[in-house]
Amino acid sequence: MTPRVVIAAPGSGSGKTTVATGLMAAFAEAGLRVSAHKVGPDYIDPGYHALATGRPGRNLDAWMCGPDRVAPLFRHGADGADLAVVEGVMGLFDGASGMGETASTAHVAKLLRAPVVLVVDASAQSRSIAALVHGFASWDTGVRLAGVILNKVGSPRHEALLREALDGGGIPVLGALPREDGPVRTPSRHLGLVPVAERRAEALESVRAMAERVRRGVDLPAVLAVARSAPPVEGTAWSPAEAVAGVGREWGPTDGDAPGRAPVVAVASGAAFTFGYAEHPELLEAAGARVVTFDPLRDEALPPDTDALVIGGGFPEVYAPELAANEPLRRAVATFDGPVAAECAGLLYLCRSLDGAPMCGVLPAEARMTRRLTLGYREAVALSDNPLAPTGGRVRGHEFHRTVVEPGAGGVPAWGLTHPERRAEGFVRGGVHASYLHVHWAGAPGVPLRLVAACRERAAARARNGAA
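Each step along the sequence shown adds one to the number in the numbering used here, with nothing skipped, and position 221 is 222.
1) Going by alpha carbons, who is nearest to Glu-328 out of Thr-307, Leu-303, Val-265, Asp-338?
2) Rounded to a whole number of angstroms, what is the C-alpha to C-alpha distance between Val-174 and Arg-397?
3) What residue ranges within the region 3 to 42 form continuous beta strand (DSSP E) runs of no fewer than 3 residues, ordered along the chain?
4) Just verifying my parser: in three-state terms, what is the DSSP assignment at Tyr-49?
5) Quick one, are the C-beta atoms of Leu-112 and Ala-177 less than 8 Å apart?
6) With Ala-455 and Pro-317 assumed to form a contact (beta carbons below 8 Å), what rounded beta-carbon distance in angstroms separates them?
7) With 16 as the cutoff for other CB atoms within 10 Å, does Thr-22 come out buried or exposed?
8) With a threshold of 7 Å on Cβ separation, who are the neighbours of Pro-233 within its own chain once the five nearest residues in sequence on each side are excluded?
9) Could I get the ranges of all uninterrupted alpha helix (DSSP H) runs contained in the region 114 to 171, with 4 residues as the minimum, in chain order?
10) In terms of residues, what are the limits of the alpha helix (DSSP H) holding Gly-78?
11) Counting only the same chain and skipping the five closest in sequence on each side, list residues whose C-beta sits under 8 Å from that of Ala-231.
12) Considering Cα atoms alone, identify which of Val-334, Thr-54, Ala-346, Cys-352 is closest to Ala-212.
13) Taking the beta carbon of Glu-422 as the centre, do at least 16 other beta carbons fall within 10 Å, making it buried, or is it exposed?
14) Taking Ala-97 as the reference, which of Ala-31, His-108, Met-25 has the closest Cα?
15) By Cβ distance, which residues of its chain are closer than 6 Å to Val-440, with the 5 residues on each side in sequence left out?
16) Taking all protein chains shown into account, decide if Arg-201 is buried (16 or more other Cβ within 10 angstroms of its Cβ) or exposed.
17) Using beta-carbon positions only, say whether Arg-403 and Arg-379 come within less than 8 Å of one another.
18) Return the chain-ordered list of same chain residues with a C-beta closer than 6 Å to the C-beta of Pro-448, the five sequence neighbours on each side being excluded.
19) Between the beta-carbon of Val-90 and the beta-carbon of Gly-41, is there less than 8 Å?
20) CB-CB under 6 Å to Pro-11, same chain, minus the five flanking residues each way: which ones, in chain order?
21) Report the partner residues of Tyr-378 according to the DSSP bridge assignment.
22) Where do the N-terminal and C-terminal ends of the alpha helix (DSSP H) with Pro-222 fall, by residue?
23) Report yes if the C-beta distance between Leu-167 and Ala-288 is below 8 Å; otherwise report no.
24) Under a three-way DSSP split, which group does Met-91 fall into?
25) Just to confirm my understanding: we take Arg-459, look at its own chain, exclude 5 residues before and 5 after, and list those with CB closer than 6 Å. What are they?
26) Can you tell me which of the three DSSP states Asn-1 falls into?
27) Beta carbon of Cys-345, beta carbon of Glu-367: below 8 Å?
28) Taking the beta carbon of Pro-241 as the centre, do at least 16 other beta carbons fall within 10 Å, making it buried, or is it exposed?
29) Please look up how many angstroms separate the CB atoms of Pro-196 and Gly-67, rounded, as I've assumed it's under 8 Å.
30) Can you give me the C-alpha to C-alpha distance between Arg-331 and Ser-156, rounded to a whole angstrom?
31) Keeping to the same chain, check which residues put their C-beta closer than 8 Å to that of Asp-356; ignore five residues upstream and five downstream.
32) Assuming Gly-427 contacts Pro-408 under a Cβ cut-off of 8 Å, what Cβ separation, rounded to an integer in Å, is found between them?
33) Measuring only the C-alpha atoms, how far is Asp-122 from Thr-18?
34) Trp-239 and His-77: beta carbons closer than 8 Å?
35) Are Arg-424 and Gly-412 touching if we call contact CB-CB under 8 Å?
36) Quick one: using the 10 Å Cβ neighbour count with 16 as the cut-off for buried, is Asp-306 buried or exposed?
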C-alpha cells in the first residue's frame, strides 16, 4: 500500500490545510508522485490539493461511503503514487455528531493504518503544549501519533521552549512554522475557502507560498520516513466498474452495457458550480455514459446530444447576476426534457429566482440567502420512483448551505430524512430530482447507474414514438 501520512490538528483553525497542502506541493516539486486526500465531505480543499499535486483531490468519508470503502477508495486514488498525504477534518477525534468516532480523522487513520502528524497552534502556550500532545497521543492507542508540527511560533526562543517541553515525550517535533511569516492568502467566504476555479492564478500562488513555508520549517525527510513506516493494509482498490456491476436489482434496470450510443451526461462546471467528487464521472462512465461539461456562466447552449443534466453544488448566489444574464442557457435548461440531477446549487439554479435574479424556472419556487447555516450528515430514503432512486432507496449524504427555497415547489419530496431529524427534503417533478442533499455516489452506486438507465429509457421511448 502507498506510503501515507495523515495531517491532523486538535481543532479547526490550527493550520492543517496550510501544512497538508504545503507538504503535497513540496513533495511534488521534489519529484514525487503525490496522491491527495481529504477526510470528510469538503469539496473546496481537494481543489487546492489538485493544484499542489497535479492529480485529482479525493475525499475519504466513512459516513457517506461506509468504513469498508475507505481503504479501497484510498487505494484507487493513490494508484501509482509514491506518497499519499491525507488532510484531516476538524479536530482529530471529532466525528459525525452523536456517532462517536465515525467519520473522524482518527477513524479514517485507523482504517488506513496511517500514522498521524499533529499540527498544533502554539501561539498562546509554551510548556503546556506537552500536556496537550500527551493527551492526544494517549487518548486512543489505536491512533499512532508519529510527530508534531508547531504552527504560529512567535520567535526562536519560543520554539526552543516548545521543543524543550516536548523533548522526551516520545513524540518528535517534525517542524515549526513561524507566526511572523504572515498568513498565506487564501480568501474565504460564507462556506469556507474560495474555490480554485474562481481564482486559479491566485490559488497557484497560495499553493506555492504554502510549499515554501513548509520547505523552510518542516523536516521533509522525517515526514517521508513517517509515511513510509505505515504498515500494509489488506484488500484491493475500489473499482467504478465493479461498483456499478454490484448494484442490486432493487435499484431498477442495470443496462449500462446496453448497445447503442453512449448516453451523454452533461455536468455543470465553471466558477459557479465547483462542487463535485472525482468518483462521480468515473461511475457515470462505468455505467455506460459519456461525460461532458458545460459552464452555465459562459455557454449559451447545452452540449450536443445531451441526454441528462447533473448540476451539482457551488456558489450560484455569488454569480446570480451573471447566471441570470445568460438567458439562452436558462431557456435551454428550462425546456430540457431529459433526466436532471440537481444538488444544492443546482436546486437554486432550477428555481424561478435566486435573491431576486431570474433563474431557469424549472421549479415554481424562489431561493434566497439567509444568515442561518444548515450543516450536517443526513440519512435519507427516496419517497418516490425517480431518475436517481427507487421508492425506498436509502442513501447517506450531507447538507451545507445558507439558503432557503420557498414555497414548496410542488410534486413529491425527493427524500425523507431519517437522521438526525425527520423531515421531507427536495423535489421530484417528472424527470427532475432537485435537493439540498449532497450524496457521494461511491456510497450509492445505484444513483449513477439509474441515471444512465433513465437516459436509455428516454432514448428507447423516443425511438418507439418515432417508429409510430
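Here a beta-carbon is modelled for each residue, glycine too, at the ideal position from N, C-alpha and C.
Working from what's here:
1) Leu-303
2) 39 Å
3) 5 to 9, 35 to 40
4) helix
5) no
6) Not confirmed; about 25 Å, so no contact.
7) It counts as buried.
8) Only Met-2 meet the Cβ criterion.
9) Correct list: 129 to 140, 157 to 167.
10) 68 to 79 is the span of the alpha helix (DSSP H), which, as asked, contains Gly-78.
11) Excluding residues within five positions, the ones whose Cβ falls inside 8 Å are Met-2, Pro-4, Arg-5, Val-6, Leu-113, Arg-114, Ala-115, Pro-116.
12) Thr-54
13) exposed
14) His-108
15) Val-396, Gly-398
16) exposed
17) no
18) At residue 448 the sequence reads Val, which differs from the Pro that was named. For Val-448, where only same-chain residues beyond five positions count, the Cβ hits under 6 Å are Leu-389, Trp-442.
19) yes
20) Here the set comprises Gly-92.
21) In the DSSP output, where bridge partners are listed per residue, Tyr-378 has His-399.
22) 221 to 229
23) no
24) coil
25) Gly-339
26) Beyond the ends of the chain as shown, which are 2 and 469, falls residue 1; an answer cannot be given.
27) no
28) buried
29) Contact doesn't hold; Cβ gap of about 27 Å is too wide.
30) Those two C-alpha atoms are separated by around 56 Å.
31) Glu-318, Ala-321, Ala-368, Arg-369, Met-370
32) So it is not a contact: roughly 14 Å between Cβ atoms.
33) Note on geometry: alpha-carbon atoms of Asp-122 and Thr-18 lie some 13 Å from one another.
34) yes
35) no
36) exposed
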